[in-house]
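For reference, the structure is listed below as C-alpha coordinates.
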Amino acid sequence: LRYSGTGDEGGWGLNGKLADRWCSFSVEVDGACRFEDESAFVTGSAQVWANLELEKLEMLIHEASQLPLTTAPQPGAHRSRDCRRAVFNFHRAEYVKRKRARL
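Numbering-wise, the sequence shown is residues 147 to 249 according to my numbering.
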(Lines of atoms letter the chains of each structure in order from A; the text may use other names.)
(Lines give C-alpha, C1' and ligand atoms only; values in the text may rest on other atoms or scores of the structure.)
Protein backbone atom coordinates (compact mmCIF):
# COMPACT_ATOMS: atom_id res chain seq x y z
CA LEU A 147 0.00 0.00 0.00
CA ARG A 148 1.44 3.35 -1.01
CA TYR A 149 0.77 6.39 1.14
CA SER A 150 1.51 10.07 0.89
CA GLY A 151 2.02 12.55 3.68
CA THR A 152 -0.28 15.50 4.05
CA GLY A 153 0.35 19.10 5.02
CA ASP A 154 3.81 19.79 6.43
CA GLU A 155 4.67 16.07 6.49
CA GLY A 156 4.99 15.67 2.74
CA GLY A 157 6.96 12.65 1.62
CA TRP A 158 5.56 9.26 0.74
CA GLY A 159 6.04 5.59 1.54
CA LEU A 160 5.04 1.98 1.16
CA ASN A 161 3.75 -0.58 3.64
CA GLY A 162 3.44 -4.25 2.85
CA LYS A 163 4.78 -7.75 3.00
CA LEU A 164 8.12 -8.68 1.48
CA ALA A 165 9.26 -12.31 1.78
CA ASP A 166 6.50 -12.98 4.35
CA ARG A 167 7.59 -10.12 6.62
CA TRP A 168 5.93 -6.75 7.08
CA CYS A 169 8.17 -3.88 6.10
CA SER A 170 7.85 -0.21 5.38
CA PHE A 171 9.79 2.20 3.23
CA SER A 172 9.39 5.95 3.49
CA VAL A 173 10.87 8.97 1.74
CA GLU A 174 10.95 12.33 3.50
CA VAL A 175 10.54 15.66 1.71
CA ASP A 176 14.34 16.11 1.61
CA GLY A 177 14.77 12.68 0.00
CA ALA A 178 16.02 10.89 3.11
CA CYS A 179 14.80 7.28 3.04
CA ARG A 180 13.95 4.84 5.80
CA PHE A 181 13.45 1.07 5.44
CA GLU A 182 12.07 -0.90 8.38
CA ASP A 183 11.64 -4.58 8.99
CA GLU A 184 13.02 -6.01 12.24
CA SER A 185 15.56 -3.20 12.16
CA ALA A 186 15.68 0.26 10.61
CA PHE A 187 17.98 1.55 7.88
CA VAL A 188 18.15 5.30 7.25
CA THR A 189 19.88 7.36 4.56
CA GLY A 190 20.88 10.99 4.49
CA SER A 191 19.09 13.54 2.33
CA ALA A 192 19.06 13.01 -1.42
CA GLN A 193 21.49 15.91 -1.86
CA VAL A 194 24.37 13.61 -0.84
CA TRP A 195 23.32 10.66 -3.00
CA ALA A 196 25.24 9.41 -6.05
CA ASN A 197 23.56 9.69 -9.46
CA LEU A 198 23.01 5.92 -9.62
CA GLU A 199 21.21 6.00 -6.26
CA LEU A 200 18.97 8.83 -7.48
CA GLU A 201 18.16 6.85 -10.63
CA LYS A 202 17.19 3.83 -8.49
CA LEU A 203 14.93 6.04 -6.38
CA GLU A 204 13.25 7.39 -9.52
CA MET A 205 12.66 3.79 -10.68
CA LEU A 206 11.13 2.96 -7.31
CA ILE A 207 8.89 6.03 -7.47
CA HIS A 208 7.67 4.93 -10.90
CA GLU A 209 7.01 1.35 -9.76
CA ALA A 210 5.32 2.52 -6.54
CA SER A 211 2.98 4.77 -8.51
CA GLN A 212 1.25 1.59 -9.74
CA LEU A 213 0.15 0.67 -6.18
CA PRO A 214 -3.07 1.79 -4.46
CA LEU A 215 -2.71 5.15 -2.66
CA THR A 216 -3.97 6.37 0.70
CA THR A 217 -3.42 9.60 2.61
CA ALA A 218 -4.28 7.96 5.94
CA PRO A 219 -1.42 7.91 8.46
CA GLN A 220 0.52 4.65 8.29
CA PRO A 221 2.37 2.80 11.06
CA GLY A 222 5.95 1.63 10.75
CA ALA A 223 6.74 -2.04 10.12
CA HIS A 224 7.86 -2.59 13.70
CA ARG A 225 4.11 -2.48 14.45
CA SER A 226 3.17 -5.27 12.03
CA ARG A 227 -0.31 -5.79 13.46
CA ASP A 228 -1.10 -2.10 12.89
CA CYS A 229 0.31 -2.38 9.34
CA ARG A 230 -1.98 -5.31 8.57
CA ARG A 231 -4.95 -3.44 10.03
CA ALA A 232 -4.19 -0.27 8.03
CA VAL A 233 -3.89 -2.20 4.75
CA PHE A 234 -7.06 -4.18 5.50
CA ASN A 235 -9.02 -1.02 6.37
CA PHE A 236 -7.90 0.64 3.14
CA HIS A 237 -8.99 -2.29 0.97
CA ARG A 238 -12.26 -2.68 2.87
CA ALA A 239 -13.09 1.00 2.27
CA GLU A 240 -12.22 0.65 -1.43
CA TYR A 241 -14.49 -2.40 -1.68
CA VAL A 242 -17.37 -0.47 -0.10
CA LYS A 243 -16.84 2.44 -2.54
CA ARG A 244 -16.93 0.10 -5.56
CA LYS A 245 -19.99 -1.69 -4.21
CA ARG A 246 -21.87 1.60 -3.73
CA ALA A 247 -20.89 2.74 -7.21
CA ARG A 248 -22.54 -0.35 -8.71
CA LEU A 249 -25.84 0.32 -6.92
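Beta carbons: idealized from backbone N, C-alpha and C, even for Gly.
As the structure is a prediction and not an experimental result, all values here were calculated from the model.
Secondary structure at Ala-196: coil, using DSSP grouped into helix, strand and coil.
Between the alpha carbons of Arg-246 and Gln-193 lies a distance of about 46 Å. Assignment of Arg-225 by DSSP, reduced to helix, strand and coil, places it in the coil class. A residue is called buried when at least 16 other Cβ atoms come within 10 angstroms of its Cβ; Gln-212 does not meet this threshold and is exposed. Taking a cut-off of 8 Å for Cβ pairs, the segment 213-220 and the segment 159-176 touch, as three or more such pairs fall below it. When secondary structure is reduced to three states using DSSP, Glu-182 falls in the strand class. For Leu-215, the three-state secondary structure derived from DSSP is strand.
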